[in-house]
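Some notes on the structure that comes next.
There are 2 protein chains.
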Amino acid sequence: MHLNIILLEASLELVPKEIVNHPAVIKNAKRRNKKPEDTLLDISLHYHAMKYLENSHKRGRPDILHQALLVILTDPVIKGDIFIHTIQSKIIKVNPNMRPPKNYLRFIGLMEQLLKYGKIPINGDETLMEVTNLTLDNIVNRYDLILLSEKGEKINPEEICKLDEKWLLGIGAFPHGDFSDKILNLAKKIYSISGFPLETQQVLCRIFSACNSILGWP
Amino acid sequence: MHLNIILLEASLELVPKEIVNHPAVIKNAKRRNKKPEDTLLDISLHYHAMKYLENSHKRGRPDILHQALLVILTDPVIKGDIFIHTIQSKIIKVNPNMRPPKNYLRFIGLMEQLLKYGKIPINGDETLMEVTNLTLDNIVNRYDLILLSEKGEKINPEEICKLDEKWLLGIGAFPHGDFSDKILNLAKKIYSISGFPLETQQVLCRIFSACNSILGWP
Chain A
50 MHLNIILLEA SLELVPKEIV NHPAVIKNAK RRNKKPEDTL LDISLHYHAM KYLENSHKRG
110 RPDILHQALL VILTDPVIKG DIFIHTIQSK IIKVNPNMRP PKNYLRFIGL MEQLLKYGKI
170 PINGDETLME VTNLTLDNIV NRYDLILLSE KGEKINPEEI CKLDEKWLLG IGAFPHGDFS
230 DKILNLAKKI YSISGFPLET QQVLCRIFSA CNSILGWP
Chain B
50 MHLNIILLEA SLELVPKEIV NHPAVIKNAK RRNKKPEDTL LDISLHYHAM KYLENSHKRG
110 RPDILHQALL VILTDPVIKG DIFIHTIQSK IIKVNPNMRP PKNYLRFIGL MEQLLKYGKI
170 PINGDETLME VTNLTLDNIV NRYDLILLSE KGEKINPEEI CKLDEKWLLG IGAFPHGDFS
230 DKILNLAKKI YSISGFPLET QQVLCRIFSA CNSILGWP
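Chains as they are written, first to last, in the working numbering: chain A, 50 to 267; chain B, 50 to 267.
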């Protein structure tokens with residue numbers, strides 16, 4: 050079964066210039082022998098530093114992306130094109146063969162490498178993740194975008210599994226709030242798969258399980 | 050829907066005495082201003098230190114428990130009794146109201162507190178996790194134990210959701226290998242829910258989604 054996914058407004062970025070000299074940022078970078086600007090923004094380390102950043106309620110949660118990639122990339126059967134659209138509008142292409150590190154600290158190190166050098170591994174024949182120069186509009190022109198949102202029309206997740214390859218399933222990968230107006234306007238359809246607000250990992254868990262149930266739980 | 054779960058041989062322990070003086074253990078503890086014996090065993094930090102530990106292929110992966118608890122404790126509808134049986138045979142009772150920290154480093158800190166002081170929070174009216182003086186035999190005398198294992202009889206996960214409250218669903222929370230003989234002998238039934246070897250988080254994701262599908266995806 051083929052399922053194209055884009056994780057939208059993913060809470061993944063290096064520490065922005067505005068706070069690169071904040072004591073909490075410097076302290077964490079020093080502890081890890083890194084330059085502050087080479088470290089990921091993480092609210093559990095940079096809570097006070099982030100308070101006055103624009104859109105801060107959607108930023109500093111790389112753990113959300115980590116868990117989402119673990120669900121998507123460990124499924125033995127369901128494959129498709131995978132993109133990440135970051136909160137800073139970078140578009141990252143993910144190789145479906147990638148196995149993300151289970152350990153969060155290793156994942157953080159890998160994402161710092163990706164955002165600094167543009168791809169991982171830095172040198173190696175098979176690229177696993179790459180920051181492209183695509184825009185969200187470029188991507189959405191290639192597929193028809195479906196969004197999953199609490200405000201969408203309620204459907205069963207099994208319906209999502211029946212989409213053909215021209216569809217791209219957009220799932221938020223940010224902690225709080227809703228999609229930006231720009232993204233809402235790009236969507237051909239907006240659906241909801243629960244009466245409850247679900248976290249990114251729960252949404253993916255339901256979708257992948259529903260698709261596996263259609264396939265007879267391989 | 051009620052579902053009792055025990056996470057078995059969970060890869061959760063403080064650094065054992067045998068390696069408490071290993072350079073890697075001391076280095077990590079120092080960086081976190083902790084005594085070595087108060088830090089969790091973690092293969093991503095202690096790989097070389099762990100090599101000669103007994104059963105090392107099943108140890109040093111607290112991330113597995115973290116992700117399992119995130120799936121179990123964030124489901125809005127499916128509740129039940131939750132136990133953790135650790136690789137050192139401690140039995141931990143988990144309060145279904147607990148919301149585990151999403152951030153892995155915070156989770157690690159909490160588990161270190163739990164294993165050192167016996168419960169979390171250390172002082173507070175509602176205990177969220179507690180190391181009991183129960184044994185696995187005590188637990189298994191109260192319920193009928195079903196194990197999920199690759200070697201079990203293949204069934205659809207929906208069947209698991211129909212169990213009544215006398216059943217206890219046992220899921221491994223260790224990285225490699227199979228259940229110990231002791232645990233295999235305690236099981237009333239052994240089932241498999243996939244043709245593939247699944248990780249703890251994937252097993253839980255399938256079970257909780259199957260149960261939610263029976264309930265009409267609330």
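For each residue, glycine too, the CB sits at the ideal point set by N, CA and C.
Residue state for aspartate 193 of chain B is assigned as strand, using DSSP reduced to three classes.
For the pair of segments examined, the region 133-145 of chain B was found to touch the region 54-68 of chain B: the number of CB pairs separated by less than 8 Å reaches three. If you draw a straight line from the Cα of serine 229 of chain A to the Cα of asparagine 187 of chain A, it is about 17 Å long. Shown here, glycine 158 of chain B sits in a helix according to DSSP, grouped into three states. Annotated three-state conformation of lysine 83 of chain A is coil, per DSSP.
Here serine 198 of chain B carries a strand assignment [DSSP, helix/strand/coil]. Phenylalanine 132 of chain B is bridged by DSSP to B/Ile55 and B/Lys142.
In this structure, DSSP gives threonine 184 of chain B a state outside helix and strand, which the three-state scheme calls coil. For the pair leucine 114 of chain A and phenylalanine 223 of chain A, the Cα-to-Cα distance works out to about 8 Å. Neighbours of glutamate 248 of chain B across chain A, judged by C-beta separation under 9 Å: Leu119, Thr123 and Lys151. With 16 or more other Cβ atoms inside 10 Å of its own Cβ, glycine 109 of chain A counts as buried.
Taking 7 Å as the CB threshold, asparagine 205 of chain B lines the interface with chain A.
Shortest Cα-Cα distance from isoleucine 92 of chain B to any of B/Asn104, B/Asn82 and B/Lys83 involves B/Asn104. Residue environment: histidine 225 of chain B is assigned as exposed (fewer than 16 neighbouring CB atoms within 10 Å of its CB, all protein chains considered). Secondary structure note for lysine 231 of chain B: its alpha helix (DSSP H) is the uninterrupted segment 230-235. For tyrosine 240 of chain B, the uninterrupted beta strand (DSSP E) run begins and ends at 238-241, by DSSP.
In this structure, A/Tyr192 is the residue among A/Tyr166, A/Leu163, A/Met50 and A/Tyr192 with its C-alpha nearest to the C-alpha of lysine 237 of chain A. Under DSSP, glutamate 248 of chain B takes part in no beta bridge, so it has no partner. At a cut-off of 7 Å, the C-beta of cysteine 254 of chain A has a neighbouring C-beta in chain B. The beta carbon of glycine 167 of chain A sits closer than 6 Å to those of Val180, all from its chain and outside the five residues before and after it, given in chain order. Contact with chain B is found for arginine 155 of chain A, since one of that chain's Cβ atoms lies less than 7 Å from the residue's Cβ. A direct Cα-to-Cα measurement between isoleucine 209 of chain A and glutamate 202 of chain B gives close to 30 Å.
The beta carbon of isoleucine 121 of chain A sits closer than 7 Å to the beta carbons of Ile54, Ile131 and Leu253 from its chain, once the five residues preceding and following it are set aside; these are given in chain order. Beta-carbon to beta-carbon, aspartate 87 of chain A and lysine 165 of chain A are separated by about 6 Å, close enough to satisfy the 8 Å threshold. In the assembly as shown, histidine 97 of chain A is an exposed residue. Its beta-carbon has fewer than 16 other beta-carbons within 10 Å. Excluding residues up to 5 positions away in sequence, nothing lies with its Cβ nearer than 8 Å to the Cβ of glycine 158 of chain A in the same chain.
Residue pairing by DSSP puts tryptophan 216 of chain A in a beta bridge opposite A/Asp193. At least 7 Å separates the beta-carbon of leucine 163 of chain B from that of methionine 147 of chain B. Nearest CB-CB separation between proline 145 of chain B and chain A: not below the 7 Å threshold.
Residue-level contact check: serine 60 of chain A does not touch chain B, since none of the beta carbons of chain B fall below 7 Å from its beta carbon. Exclusion of the five residues before and after lysine 79 of chain B leaves no residue of its chain whose Cβ lies closer than 7 Å to its Cβ.
Think of a sphere of 7 Å around the beta carbon of asparagine 261 of chain A: the chain B residues whose beta carbon falls inside it are Arg255, in chain order.
Take proline 150 of chain B, set aside five residues on each side of it, and the residues of its chain with a beta-carbon closer than 7 Å to its own are Phe156 and Leu159, in chain order. Counting along the chain, glutamine 116 of chain B sits inside the alpha helix (DSSP H) bounded by residues 111-123. Less than 7 Å divides the Cβ of alanine 73 of chain A from the Cβ of histidine 95 of chain A. Distances from the alpha-carbon of threonine 184 of chain B to those of B/Cys260, B/Lys142 and B/Gly129 put B/Lys142 closest.
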